[in-house]
């Protein structure tokens with residue numbers, strides 16, 4: 674199955690056409706760290722991260738992991754752990770996964786820049802929104818639509834952006 678994000682406000686999966694939002698820089702075939710664009714391409718879904726204290730344990734067919742307080746994603750292109758999950762208290766290296774707002778109550782990591790090419794972008798997720806404002810480069814859905822998505826996907830599902 675393929676999730677298709679053809680433009681800045683549409684996500685199509687199976688027979689569902691859902692409203693979404695993407696990076697304020699639009700869809701970009703040459704994604705760079707910090708450019709606020711969403712990378713164009715076909716990517717694998719890697720893992721669902723979730724806030725157990727807020728959403729319980731979701732039933733889904735992809736790998737999942739509970740978000741803990743010290744979990745983050747390294748967005749420093751010069752760091753050896755660039756574009757991967759880390760445990761840290763260092764504010765400079767990370768995109769915090771344990772947030773006060775609800776945007777990361779659910780996050781699906783995708784396979785963008787898995788080779789960790791410095792500066793090609795990190796922390797590109799599918800996550801939550803409550804207002805459809807443009808993201809820093811992720812794809813975001815409202816919670817009820819994200820939960821529909823979770824019921825439909827499995828480890829073989831891919832996301833096509835653009």
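Residue numbers (the working numbering): 674 to 835. Don't be surprised by glycine CBs; every beta carbon is placed ideally from N, CA and C. Quick caveat, the model's predicted, so the values are computed rather than measured.
Roughly how many angstroms lie between the CA atoms of residue 681 and residue 799, to the nearest whole one?
13 angstroms
Backbone secondary structure at residue 734 - three-state DSSP
strand
Taking DSSP as the reference, what is the three-state secondary structure of residue 823?
helix
Short check: CB of residue 713 to CB of residue 750, under 8 angstroms?
no
Residues near residue 738 by beta carbon distance below 7 angstroms, same chain, minus five either side:
720 and 722
Just how far apart, CA to CA, sit residue 725 and residue 803?
19 angstroms
Would you list the residues sitting across from residue 796 in a DSSP beta bridge?
DSSP, once it has assigned bridges, lists no residue as partnering residue 796.
Residue 833 (DSSP reduced to helix, strand or coil):
strand
Start-to-end residues for the alpha helix (DSSP H) that takes in residue 725
725-728
Once you ignore the five residues that flank residue 792 on each side, which residues in its own chain have a CB closer than 7 angstroms to its CB?
705, 706 and 750
With a Cβ-Cβ cutoff of 8 angstroms, do residue 676 and residue 807 count as a contact?
no
Could you tell me which residues DSSP pairs with residue 770 in its beta bridges?
Answer is none; residue 770 lacks a bridge partner.
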